[in-house]
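What follows is a single structure, written as structure tokens, with notes after it.
There are 2 protein chains.
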Amino acid sequence: MATEQNDGLSDSQESFSDFWTTTFQIPDLNDVDLEGIELAEIVKKCEEAVPNENVKVETPTVLDTDVNIVKKEFVKQRPVPSQIIDKKVPFLCVESFSGEHDFQVVFPHDKSPITKCIHHTYSPDLKKLFAKMGERCPLHFTCASPPPPGTVIRAVPVFRQSENMMDIVTRCINHTLQDKSSHEATSHFIRAEMPDAMVEYSNTVHGRESVTVLYQTPDSGKENTMLLYRFMCNSSCPTGINRRPVSLVLTLESDTGEVLGRSVIDIHVSSCPGRDRTGEETKAQAPHMKKQIKKRFVNKRKHEAPKEKDDDNDLYYLPVKGREKYELLKKMKIALDLEELVTPEQKQNYYAQEEENQRSIV
Amino acid sequence: MATEQNDGLSDSQESFSDFWTTTFQIPDLNDVDLEGIELAEIVKKCEEAVPNENVKVETPTVLDTDVNIVKKEFVKQRPVPSQIIDKKVPFLCVESFSGEHDFQVVFPHDKSPITKCIHHTYSPDLKKLFAKMGERCPLHFTCASPPPPGTVIRAVPVFRQSENMMDIVTRCINHTLQDKSSHEATSHFIRAEMPDAMVEYSNTVHGRESVTVLYQTPDSGKENTMLLYRFMCNSSCPTGINRRPVSLVLTLESDTGEVLGRSVIDIHVSSCPGRDRTGEETKAQAPHMKKQIKKRFVNKRKHEAPKEKDDDNDLYYLPVKGREKYELLKKMKIALDLEELVTPEQKQNYYAQEEENQRSIV
DNA sequence: CAGGCATGCCTG
DNA sequence: CAGGCATGCCTG
Ligand SMILES: [Zn+2]
Ligand SMILES: [Zn+2]
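Quick mapping for you: the protein sequence lines, in order, are chains F and W. First residue of the first sequence? That's 1 in UniProt numbering, and the numbers climb one at a time after it. First residue of the second sequence? That's 1 in UniProt numbering, and the numbers climb one at a time after it.
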């Protein structure tokens, strides 16, 4: 009962966006509301002007009054306007399409060994990028034909699970408030680190935080455009991503905000990207096998060769003597297969009911 | 190099008290400094008046202007005055002495089994109290002779390691800011839950957060005084205790602030106090032994007896010889139960996929 | 409610 | 940098 109170002790995989609005209550700062309304009007204007969810902020001057900047200041100093943060927002389109310029995110094969805490590593099997918080992480883009001048690449993080897709991915409370750098977007989960390219932090009309980088043709001799990003929270951060799976939506956008192409990649940010990659790959290959032989990271100086056996998809033939047993086990086999189709919600209800039954036995 | 910046990504076992002062920078709230100075003067006065570090706040009226209350408001609304929080404070005396009233903290033997997530459990071997965050935790006190009227029991948490002993134990950022209850001390790590006794939250002259409860003689028939506390953070909380060992200093204090007795206990607050207690006890006994035989927690319901019902909901017991068969059939039973939850649509897809698989075998 | 995973981080 | 612990929390 003690933990039922709203005393900050609730936990688990939920959104904490609620926090941002209700935590700061400053009765003597009434101008806040005024600013909030003004913002809402700005947002409204954008919404009317651009049907696409992504809003390209035209000039740096406008950027200064962008909702994002305002939010950042509010996070550190004032209440966050509820219309910006405290809401479920519409799904962001996560459907990849390369478009007329054949826009794609590519991961050049990295020959260096996957150390446990490698800064970034991409798993082709899982189609997932594993990165270390705070470290530079390169992403490579290709275009078959050069897009028009002023085209940008926008990065927007989204939650992958349906339960969370309407929540905004943002930085956790701890990391946001502890950030004493002069960065202009301390609340953003993703930053772009391009000394030469123009970077802009802005929000979509619905309030999703994004960063755009001016598209540049590949450096001479290179066949793709490389941008450096930094992920400013772990995927596990409490009050932030909080262990929820996240994808990164990368869009090629014209200077009018038209989406020319879209590419979506799964990402996992942690302190040990190498460990987590191999762990997930192993689990994907042998879901139910007890981790007897734990994947060992090879000390760079040593060498090795062994490989794991994947018996989960192997086909076996079970000889069964007698019709009755065969029929029963056939039923069992079907039940086992069907069991995998049961949704988590169904299972939850089932186990809750089981508990009940156990209790009523006594 | 990226992580060397002050962008909120530093971690490890360090104090975060620095955060409270530098995070909030509000140039247009100059009155803050004034208030800060005023506070400093209040503190100064107390310091001059009472040589002992612990300051008994005389009246509730004074309590309202206590540094603690001010801090709490600042945490949520304004910069925290640096003179209150952002400093190393002198060691608090952690030497136990029972004094003339033979003041002691006692832990009556608890006969109930130590479940994994028991709310509180004391290890006599380790002389350490393991508690679950947010749950009521009783502490029992004894006095050989009744102390004078107005005597209180003060609880102050302190870090046990020398590197941290000068830091103030307080609640983590996440839990403090997420606490939307109307509690008067949302930033405090320790709360007292005494409906009948008088509770006061205050700070020592050096800024350590404490809670005092008016001492009451044991209820008739009881031989000790029981107080209920709640620990509002885990020992692991980032930006809070952050995995650093913590002790609880319990002092019996007269109404003039004189310390009549002191008792110090080690505490560990986590989500699984039972597991952590047995784990630490095991490690203390066999420090270097590999954990081969892991301590098993006994399911309370495991040995309970069945009951009779009727019809299709009858419960039967299937004797199974052999562990492996039992495990398999247990899985089967669950599968059969879950199978009933599968929707017709799911089944349709399943059988279609089965066909596919069959064909691909050939 | 116990088993056990996921994951930050401490150690050698 | 890999091994491995500590610990919140998910699963069955
Ligand atoms: Zn974070
Ligand atoms: Zn906490």
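Just so you know, even glycine gets a beta-carbon here, dropped at the ideal spot from N, CA and C. Predicted model, so just to flag it, every value in this text is computed and none were measured.
| query | Going by DSSP, what residues sit across from residue 374/W in a beta bridge? | reply | With chain W represented from 1 up to 362, any question about residue 374/W goes unanswered, as that position is not in the structure.
| How long is the line joining the alpha carbons of E200/F and T256/F, rounded to whole angstroms? | Within the first sequence, the letter at position 200 stands for residue 200/F. Within the first sequence, the letter at position 256 stands for residue 256/F. Rounded to the nearest angstrom, the two C-alpha atoms are 15 Å apart.
| Mind pulling the chain W residues with CB within less than 7 Å of N174/F? | Locating residue 174/F in the first sequence gives position 174, counting from the first residue. Under the 7 Å cutoff, chain W gives I173, N174, P238 and T239.
| task | Residues of the region 223-253 of chain F with a CB closer than 8 Å to any CB of chain W: list them in chain order, please. | result | Of all residues in the region 223-253 of chain F, those with a C-beta nearer than 8 Å to a C-beta of chain W are R230, M232, P238 and T239, reading in chain order.
| query | Should K116/W be flagged as near chain F, meaning a C-beta pair shorter than 9 Å? | reply | Taking the first residue of the second sequence as 1, we reach residue 116/W at position 116. Against chain F, the CB of K116/W has no partner CB under 9 Å away; the residue lies outside that interface.
| request: Determine the direct distance from the alpha carbon of G274/F to that of N6/F, and round the result to whole angstroms. | output: As a first step, residue 6/F is located in the first sequence; it is residue number 6 there, counting from the start. As a first step, residue 274/F is located in the first sequence; it is residue number 274 there, counting from the start. Whole-angstrom Cα-Cα distance: 38 Å.
| task | Give a yes or no on whether the minimum CB-CB distance between L129/F and chain W is below 9 Å. | result | Translated into positions along the first sequence, residue 129/F becomes position 129. The beta carbon of L129/F does not come within 9 Å of any beta carbon belonging to chain W, so the residue lies off that interface.
| Which first and last residues belong to the alpha helix (DSSP H) in which G279/W is found? | Sequence index remark: in the second sequence, residue 279/W carries index 279 (1-based). From DSSP, the alpha helix (DSSP H) with G279/W extends over P273 to Q285.
| task | Identify every run of the alpha helix (DSSP H) within the region 155-191 of chain W, keeping only runs that are complete inside it and at least 4 residues long; order them along the chain. | result | Correct list: 173-178.
| field | Below-9 Å beta-carbon distance, residue 439/W vs any chain F residue | value | No statement about residue 439/W is possible, as the shown extent of chain W runs from 1 to 362 and does not include it.
| query | Does ligand 2 have even one heavy atom less than 8 Å from the beta-carbon of N6/F? | reply | Start at 1 with the first residue of the first sequence, and residue 6/F comes out as number 6. Result no, Cβ not under 8 Å from ligand 2.
| DSSP three-state call for A131/F: helix, strand or coil? | Within the first sequence, the letter at position 131 stands for residue 131/F. Looking at A131/F - three-state DSSP - the assignment turns out to be strand.
| message | Is D266/F close to chain W? Criterion is C-beta to C-beta, closer than 9 Å. | response | Taking the first residue of the first sequence as position 1, residue 266/F is located at position 266. Not closer than 9 Å to any Cβ of chain W, the Cβ of D266/F fails to qualify, so no.
| message | Relative to the C-alpha of G240/F, which candidate in G207/F, H140/F and I173/F has its C-alpha closest? | response | If you number the first sequence from 1, residue 240/F lands on position 240. Of the listed residues, the one whose Cα sits closest to G240/F is I173/F.
| message | Using C-beta distances below 7 Å, list every residue in its chain close to S235/F, excluding the 5 sequence neighbours before and after it, in chain order. | response | Reading the first sequence from its first residue, position 235 is the one you call residue 235/F. Taken in chain order, the residues that qualify are I241, R243, V246, H268, V269 and S270.
| said: Along the chain, where does the beta strand (DSSP E) containing G261/W start, and where does it finish? | reply: One-based indexing of the second sequence puts residue 261/W at position 261. Segment V259 to S270, the beta strand (DSSP E) holding G261/W.
| task | State the Cα-Cα distance for the pair L139/W and I265/W, rounded to the nearest angstrom. | result | By 1-based counting over the second sequence, the position of residue 139/W is 139. By 1-based counting over the second sequence, the position of residue 265/W is 265. Whole-angstrom Cα-Cα distance: 11 Å.
| said: Using only CA atoms, which one of T217/F, Q178/F, F130/F and R262/F lies nearest to Y229/F? | reply: Along the first sequence, one-based indexing puts residue 229/F at 229. Minimum Cα distance to Y229/F is reached at F130/F.
| query | Considering only residues of the same chain and omitting the five flanking positions on each side of E223/F, which have a CB-CB separation below 8 Å? | reply | In the first sequence, counting from the first residue as 1, residue 223/F sits at position 223. So the qualifying residues of the chain are T142.
| Paired residues, beta bridge with L250/W - DSSP | Here residue 250/W is taken as the residue at index 250 of the second sequence, counted from 1. Looking at the DSSP output, L250/W bridges to A155/W and S263/W.
| said: Using C-beta distances below 8 Å, list every residue in its chain close to S96/W, excluding the 5 sequence neighbours before and after it, in chain order. | reply: As a first step, residue 96/W must be located in the second sequence, where it is residue number 96. Excluding residues within five positions, the ones whose Cβ falls inside 8 Å are R262, S263 and V264.
| request: Identify every residue that forms a DSSP beta bridge with F97/F. | output: Here the question's residue 97/F lines up with position 97 in the first sequence. R262/F, per the DSSP bridge assignment.
| query | Beta-carbon of P81/W versus every beta-carbon of chain F: anything under 9 Å? | reply | Counting from one through the second sequence, the residue named residue 81/W turns up at place 81. Because the pLDDT at P81/W is just 28, under 50, the model does not fix this residue reliably, and the point stays unresolved.
| field | Chain-ordered neighbours of G99/F on chain W, where CB pairs are closer than 9 Å | value | For the purposes of this step, residue 99/F is taken as the residue at position 99 of the first sequence. None at all; the shortest Cβ gap to chain W is about 32 Å.
| field | Alpha carbon of residue 364/W to alpha carbon of V211/W, nearest angstrom | value | Given a span of 1 to 362 for chain W in the structure shown, any question on residue 364/W remains unanswerable.
| field | Top-ranked residue by Cα proximity to P113/W, from T282/W, G207/W, R277/W and A284/W | value | Residue numbering aside, residue 113/W sits at position 113 when the second sequence is read from its first letter. For P113/W, the closest C-alpha among the options T282/W, G207/W, R277/W and A284/W is that of R277/W.
| request: Would you list the one or two residues that DSSP bridges to S123/F? | output: The count along the first sequence starts at 1 and reaches residue 123/F at position 123. Bridge partners of S123/F: K128/F.
| query | Thinking C-alpha only, which one of F91/F, G99/F and K88/F is nearest T251/F? | reply | Mapped onto the first sequence, residue 251/F falls at position 251. Measuring C-alpha to C-alpha distances from T251/F to each of F91/F, G99/F and K88/F identifies G99/F as the nearest.
| Is the CB-CB distance between P147/W and S220/W below 9 Å? | Residue mapping note: residue 147/W aligns to position 147 of the second sequence, counting from 1. Residue mapping note: residue 220/W aligns to position 220 of the second sequence, counting from 1. Contact flag unset, no.
| Closer than 8 Å: H188/F CB and nearest ligand 4 heavy atom | By its list of ligands, the structure shown excludes ligand 4, since it contains just ligand 1 and ligand 2.
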